[in-house]
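With the UniProt record's numbering, letter number 118 in the sequence shown gets 118, and the count goes up by one each step, no holes.
Ideal Cβ positions, reconstructed from N, Cα and C, are used throughout, including at glycine.
From a predicted model like this one, the values you see are computed outputs, not experimental measurements.
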Amino acid sequence: MEKNEVGREIRNYFIEAEKQLQKIAPNVYRNNLEATQKRLASIDYNHALKQSLQSHLIRQGKQPQPKHFINESKLIDGLTVGVSIKEWKERNNIKGNPRDYFTLEQLEIVKELEKTDSTLLELDIPYQERKKQLIALAARLHRFDV
Numbered sequence: 001m002e003k004n005e006v007g008r009e010i011r012n013y014f015i016e017a018e019k020q021l022q023k024i025a026p027n028v029y030r031n032n033l034e035a036t037q038k039r040l041a042s043i044d045y046n047h048a049l050k051q052s053l054q055s056h057l058i059r060q061g062k063q064p065q066p067k068h069f070i071n072e073s074k075l076i077d078g079l080t081v082g083v084s085i086k087e088w089k090e091r092n093n094i095k096g097n098p099r100d101y102f103t104l105e106q107l108e109i110v111k112e113l114e115k116t117d118s119t120l121l122e123l124d125i126p127y128q129e130r131k132k133q134l135i136a137l138a139a140r141l142h143r144f145d146v
């Protein structure tokens, strides 16, 4: 980003703005930082899940296709919000990636579901059994408000 003077100025501007936010509104700063950290953690687990799913499909003799990854994502997102993700997006008038609108608690649930799903995939557990286990875990996570 700092390839030239303009890039350095822009970077310095944002660093200073972040310092001011931390000073003026520490709670907002902490909440933004926590939200960013939770979102990044869910992204990390999403990458691991994609790798596990791809390996699982290859071991099953299947060619990984976009629909496999989309279905897994819809399953986890739906379990996170308690209804199909399509229905949730319509109810909340959301376009684009629903995870950008999830609460911190929902992002924590996503992380736990993805972590578990990844492990189940590594064990070559079939889809219906994985789904059953993830439903049970989601119910437990919602009950305890992770």
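Just reading off the alpha helix (DSSP H) that residue i is part of, what are its end residues?
i, result
"Asp77", "66-81"
"Ile125", "First-last for Ile125: undefined, no H or E at that position."
"Lys86", "85-91"
What separation, rounded to the nearest whole angstrom, lies between the Cα atoms of residue i and residue j?
i, j, result
"Arg11", "Lys19", "12 angstroms"
"Lys95", "Lys74", "15 angstroms"
"Trp88", "Ile43", "20 angstroms"
"Met1", "Glu9", "Confidence is the limiting factor: at Met1 the pLDDT is only 49, short of 50, which leaves the residue's position unreliable, though a coordinate-based value still follows. If you take the alpha carbons of Met1 and Glu9, they lie about 10 angstroms apart."
"His142", "Asn97", "21 angstroms"
"Leu104", "Lys67", "27 angstroms"
"Tyr13", "Ser118", "40 angstroms"
"Val6", "Ile15", "14 angstroms"
"residue 204", "Asn32", "Residue 204 falls outside the range modelled here, since the chain spans only 1 to 146, and no answer is possible."
"Lys131", "Asn71", "11 angstroms"
"residue 151", "Lys50", "With the chain represented from 1 up to 146, any question about residue 151 goes unanswered, as that position is not in the structure."
"Asn46", "Arg91", "25 angstroms"
"Phe69", "Thr116", "16 angstroms"
"Gln106", "Ala17", "28 angstroms"
"Phe102", "Glu122", "27 angstroms"
Between residue i and chain C, is any beta-carbon pair separated by less than 9 angstroms?
i, result
"Ile58", "Checking the listed chains, one finds no chain C in this structure; it contains a single protein chain."
My guess is that residue i and residue j are in contact by the Cβ rule of under 8 angstroms, so how many angstroms apart are they, rounded?
i, j, result
"Leu120", "Gln133", "6 angstroms"
"Leu137", "Glu112", "7 angstroms"
"Glu114", "Ile76", "6 angstroms"
"Asp100", "Arg59", "Not a contact, Cβ separation roughly 32 angstroms."
Practice task
Taking 8 angstroms as the threshold, find out whether the region 45-60 comes into contact with the region 79-86 through three or more Cβ pairs.
Solution key: no
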